[in-house]
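Colleague: Numbering (UniProt numbering), first residue to last: 1 to 693. For glycine and all other residues, C-beta sits at the position ideal for the given N, C-alpha and C.
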Amino acid sequence: MGLQPGVQQVDTTCGSLLRELQHIWDEVGESDSDRDKMLLQLEQECLEVYRRKVDNASHNRALLHKTIADAEGEFAALFSALGELTLCQRERCTGTLKEQVAAIGPHLEELRKRKDDRARQFHEVKMQIANICGEIAGSNYSDMYADEVQDLALRRLEEYQAQLTALQKEKSERVHKVLEYVNLIHQYCSVMGMDFFPLLAEIHPSLDESKGLPSSISNDTLDLLEKTIQSLEAEKHERVMKVKEIGASMLELWSLMDTPVHDQQMFAHITCNIAAEENEITTPGCLSLETLEQAEIDVGRLLALKISKMKELVLKKRVELEEVCRNAHLEPDPNTAEDRLVALIESGVVDAADLLTNLEGEISKAKQEVSSRRDIMVLMEKWMLACEEEGWLEEYNKDENRFASKGAHLNLKRAEKARAAIAKLPALVDSLTLKTRAWEEERNVPFMFDGVRLLAMLNEYNHLREEKEEEKRRLRDQKKLQEQLLNEKEVLFGSKPSPSKFAINPRRGGIGSRASSIGTRQESVPNRRLSLGNAIMQPGTPEFTRNSTITRTGSSAGKDMKPGRPRLPSNHMGSSKDDVSSAGGKNGMAAVNHPQAQELAAAYRQPLYPFSPLAPLKQLHMDDASNRAAYLTVKKPTTPSGAHLGHVKSGMPSTPTSFGDLENTTPRMQRTLEFSFDDRRASVPYGGLQTSY
Numbered sequence: 001m002g003l004q005p006g007v008q009q010v011d012t013t014c015g016s017l018l019r020e021l022q023h024i025w026d027e028v029g030e031s032d033s034d035r036d037k038m039l040l041q042l043e044q045e046c047l048e049v050y051r052r053k054v055d056n057a058s059h060n061r062a063l064l065h066k067t068i069a070d071a072e073g074e075f076a077a078l079f080s081a082l083g084e085l086t087l088c089q090r091e092r093c094t095g096t097l098k099e100q101v102a103a104i105g106p107h108l109e110e111l112r113k114r115k116d117d118r119a120r121q122f123h124e125v126k127m128q129i130a131n132i133c134g135e136i137a138g139s140n141y142s143d144m145y146a147d148e149v150q151d152l153a154l155r156r157l158e159e160y161q162a163q164l165t166a167l168q169k170e171k172s173e174r175v176h177k178v179l180e181y182v183n184l185i186h187q188y189c190s191v192m193g194m195d196f197f198p199l200l201a202e203i204h205p206s207l208d209e210s211k212g213l214p215s216s217i218s219n220d221t222l223d224l225l226e227k228t229i230q231s232l233e234a235e236k237h238e239r240v241m242k243v244k245e246i247g248a249s250m251l252e253l254w255s256l257m258d259t260p261v262h263d264q265q266m267f268a269h270i271t272c273n274i275a276a277e278e279n280e281i282t283t284p285g286c287l288s289l290e291t292l293e294q295a296e297i298d299v300g301r302l303l304a305l306k307i308s309k310m311k312e313l314v315l316k317k318r319v320e321l322e323e324v325c326r327n328a329h330l331e332p333d334p335n336t337a338e339d340r341l342v343a344l345i346e347s348g349v350v351d352a353a354d355l356l357t358n359l360e361g362e363i364s365k366a367k368q369e370v371s372s373r374r375d376i377m378v379l380m381e382k383w384m385l386a387c388e389e390e391g392w393l394e395e396y397n398k399d400e401n402r403f404a405s406k407g408a409h410l411n412l413k414r415a416e417k418a419r420a421a422i423a424k425l426p427a428l429v430d431s432l433t434l435k436t437r438a439w440e441e442e443r444n445v446p447f448m449f450d451g452v453r454l455l456a457m458l459n460e461y462n463h464l465r466e467e468k469e470e471e472k473r474r475l476r477d478q479k480k481l482q483e484q485l486l487n488e489k490e491v492l493f494g495s496k497p498s499p500s501k502f503a504i505n506p507r508r509g510g511i512g513s514r515a516s517s518i519g520t521r522q523e524s525v526p527n528r529r530l531s532l533g534n535a536i537m538q539p540g541t542p543e544f545t546r547n548s549t550i551t552r553t554g555s556s557a558g559k560d561m562k563p564g565r566p567r568l569p570s571n572h573m574g575s576s577k578d579d580v581s582s583a584g585g586k587n588g589m590a591a592v593n594h595p596q597a598q599e600l601a602a603a604y605r606q607p608l609y610p611f612s613p614l615a616p617l618k619q620l621h622m623d624d625a626s627n628r629a630a631y632l633t634v635k636k637p638t639t640p641s642g643a644h645l646g647h648v649k650s651g652m653p654s655t656p657t658s659f660g661d662l663e664n665t666t667p668r669m670q671r672t673l674e675f676s677f678d679d680r681r682a683s684v685p686y687g688g689l690q691t692s693y
């Protein structure tokens with residue numbers, strides 16, 4: 001403490017000197033880097049001074065320690081027999097190093113007295129250790145320390161005492177371990193139905209308490225006990241796993257088979273151990289071989305029953321899958337075919353439960369597919385219905401008795417609805433194509449319909465429709481060309497009579513009797529001919545092949561066929577009464593090859609019917625051209641007006657007609673029908689009959 005004021009003074013002096021140095025540097029203008037270097041140099045110089053002082057002090061201390069060590073060496077030589085540690089002596093001699101050196105001598109006498117006591121303690125401890133080691137090793141260890149050099153150090157005694165304590169503890173533990181092992185073996189044997197005493201006798205005879213021998217705690221005995229327990233544990237673990245497997249199979253099979261409760265109670269001791277831990281299974285005999293064999297037999301019986309029922313379930317699921325796929329127009333996976341599933345179940349290669357799971361997955365996948373295809377299938381159904389209506393309309397237009405049959409008005413309504421549906425077909429097909437392509441692009445899989453790609457079906461349909469339209473255009477162009485050639489031929493050479501221009505009407509005899517009803521059916525007749533446009537628009541039936549058709553009625557199919565009467569020119573002034581009277585009734589055909597045919601033809605050329613041969617021909621040629629142009633503008637089956645129907649008849653004199661329909665044509669329609677001179681002239685030699693409207 002006397003040096004502290006001096007230290008403070010030095011500190012103050014160093015601080016003042018440092019401040020003075022800082023002031024000088026500020027005046028000089030030293031840089032920070034130079035200042036740091038100078039300060040670092042000062043610190044290093046100070047450290048060197050301190051280091052020299054510390055080294056000197058350490059050297060002096062080392063000299064003192066060396067002196068103490070030499071003194072302790074002498075002390076250790078005197079007390080080597082007792083084995084006392086120098087550390088113990090130094091703990092007793094406290095103070096400075098010089099004081100410790102002075103205090104070593106007084107303890108020499110005390111250590112000599114303790115030598116005899118230490119030798120006696122060593123002997124007792126060694127004998128106890130030898131006895132316990134003999135029990136553990138199973139041999140005599142009484143001479144194990146006979147030739148050992150006397151070492152009476154306290155450390156050595158403490159080691160022997162610690163060894164003795166450890167051996168005593170180990171002996172106690174071995175005794176408890178032997179008892180524990182024996183009890184555990186007894187428990188395992190009880191659970192697994194095994195004999196206990198013969199197993200212990202094989203390990204060591206002293207383990208049988210009935211013989212009155214002390215239990216062996218040797219290493220060999222413990223090793224045999226441990227090996228026996230390990231083998232029993234492995235056997236128990238194997239049987240437990242087997243019991244759990246059998247129990248789980250039983251519960252699953254009972255659930256599938258709906259087994260009654262009283263049948264399940266027979267194996268309750270098996271199923272109750274499914275969720276139990278291995279160490280919790282302690283019921284005697286629950287893991288015996290007899291119990292396991294009985295359980296396996298029952299599981300085999302249930303498995304056979306399960307296979308038969310699972311086969312039925314798989315087939316039912318297969319039927320359900322087929323139903324879902326059939327409703328969605330999908331093709332089921334060929335791997336799920338019924339014969340293949342039956343073969344897999346019977347062979348046992350695949351578990352029926354796995355097949356059932358796969359089928360359920362296929363059904364779920366198919367239902368999801370149906371959900372994703374719903375919008376397209378709605379359009380597909382509309383398209384198919386429209387195609388069916390289109391086919392029905394074609395057959396309907398081909399039927400020449402469609403207006404005379406029963407329920408014709410219902411067919412007319414259906415025809416109108418069919419035309420409306422057909423008119424929507426292009427837009428419907430385009431929408432269906434767009435939705436299908438979007439569906440395929442989204443899922444990167446083709447949209448299949450009954451095993452065929454839908455886009456391929458739509459493309460084929462569009463191609464066939466284009467071919468059909470092209471065929472219609474080709475037939476119209478061909479007909480137009482033939483009509484032009486025919487008109488040119490008529491202009492140059494005149495027309496020749498053709499049997500194809502006359503239609504045979506089996507109801508010819510009834511025309512006169514129905515002529516009086518013309519005026520009352522003016523408005524209804526055009527409506528009855530709504531489907532005429534469709535009939536003449538059919539591509540598969542050219543107009544020129546229908547010119548020579550024979551019209552029939554259902555009630556007169558067996559009557560004689562008669563040629564149709566040629567149409568009168570537009571300036572015909574005769575009345576309906578004259579037409580009826582000139583029809584000739586059933587005797588009209590008698591004038592075909594009659595000698596008075598020329599007179600009958602001359603009767604038509606009376607002053608009441610003035611016309612020159614050339615004027616009507618020219619007029620007919622012009623009118624026919626305009627009428628044909630009007631007819632050719634018809635592009636699709638629509639409902640024609642009455643006036644347009646007349647133009648169609650005028651432009652196509654060879655169109656097959658039935659007198660059942662011509663009877664109901666109004667006089668207004670008569671004025672729209674025009675014929676050439678050759679047609680009117682040819683009417684005499686081919687029947688000499690006039691057509692009444």
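1. Would you mind giving the Cβ-Cβ distance between residue 315 and residue 346, rounded to the nearest angstrom? I have them listed as a contact below 8 Å.
2. Secondary structure at residue 178, three-state DSSP: helix, strand or coil?
3. I think residue 254 touches residue 264, with their Cβ atoms under 8 Å apart; what is that distance to the nearest whole Å?
4. Return the residue from the list 199, 36, 295 that minimises the CA-CA distance to residue 225.
5. Would you tell me roughly how many angstroms separate the C-alpha atoms of residue 18 and residue 44, rounded to the nearest one?
6. Can residue 313 and residue 344 be called in contact, C-beta distance under 8 Å?
7. Is the Cβ-Cβ distance between residue 317 and residue 360 less than 8 Å?
8. Could you compute how far the alpha carbon of residue 174 sits from the alpha carbon of residue 217?
9. Confirm, please, whether the CB-CB distance from residue 449 to residue 329 is below 8 Å.
10. Output yes or no for whether 8 Å exceeds the beta carbon distance between residue 256 and residue 311.
11. Taking the C-alpha atoms as reference points, what is the distance between residue 60 and residue 82?
12. For a quick check, are the C-beta atoms of residue 425 and residue 386 less than 8 Å apart?
13. Would you kindly work out how many angstroms separate the C-alpha atoms of residue 283 and residue 236, rounded to a whole number?
14. With DSSP collapsed to three states, give me the class of residue 349.
15. Assign residue 16 to one of two classes, buried (16 or more other C-beta atoms within 10 Å of its C-beta) or exposed (fewer than that).
16. Name the residue from 296, 287, 362, 289 whose alpha carbon lies nearest to the alpha carbon of residue 323.
17. Using only CA atoms, which one of 215, 193, 154, 155 lies nearest to residue 177?
18. Using only the alpha-carbon positions, how far apart do residue 484 and residue 463 sit?
19. Can you find a heavy atom of the ligand ATP that lies under 7 Å from the Cβ of residue 115?
20. Please report the distance separating the alpha-carbon of residue 458 from that of residue 353.
21. Here's a check: name, in chain order, each residue in its chain whose Cβ is nearer than 8 Å to the Cβ of residue 436, leaving out the five neighbours to either side.
22. In three-state terms, what does DSSP make of residue 457?
23. I need the straight-line Cα distance from residue 248 to residue 273, nearest angstrom please.
24. Assign residue 325 to buried or exposed, taking buried as 16 or more other Cβ atoms, counted over all protein chains shown, within 10 Å of its Cβ.
25. Assuming residue 374 and residue 393 are in contact, meaning their beta carbons sit under 8 Å apart, how far apart are those beta carbons, in whole angstroms?
26. Per DSSP, what kind of secondary structure is residue 445 in: helix, strand or coil?
27. Spatial neighbours of residue 160 within its chain, please: C-beta separation below 8 Å, excluding the five flanking residues on both sides.
28. In the DSSP output, which residue or residues are listed as bridge partners for residue 452?
29. Rank 409, 415, 384 by C-alpha distance to the C-alpha of residue 398 and give the top, closest one.
30. Is it buried or exposed for residue 165, if we count other Cβ within 10 angstroms and need 16 for buried?
31. Among the residues of its own chain, which have a CB less than 6 Å from the CB of residue 190, if the five just before and after it don't count?
32. Would you report the Cα separation of residue 184 and residue 321, rounded to the nearest angstrom?
33. Tell whether a beta-carbon distance below 8 Å holds between residue 451 and residue 331.
34. From which residue to which residue does the alpha helix (DSSP H) around residue 768 run?
35. Measure the C-alpha to C-alpha separation of residue 31 and residue 51 and round it to an integer number of angstroms.
Modeller: In brief:
1. Not confirmed; about 12 Å, so no contact.
2. helix
3. 6 Å
4. 199
5. 15 Å
6. no
7. yes
8. 6 Å
9. yes
10. no
11. 33 Å
12. yes
13. 12 Å
14. coil
15. exposed
16. 362
17. 215
18. 31 Å
19. The ligand content of the structure shown is nil, which means the ligand ATP is not present either.
20. 41 Å
21. 376, 447, 454, 455, 458
22. helix
23. 10 Å
24. buried
25. The Cβ separation is near 29 Å, so there is no contact.
26. coil
27. 122, 125, 126, 129
28. 449
29. 415
30. exposed
31. 284
32. 57 Å
33. yes
34. The chain is shown from 1 up to 693; residue 768 falls before or after that span and cannot be answered.
35. 30 Å
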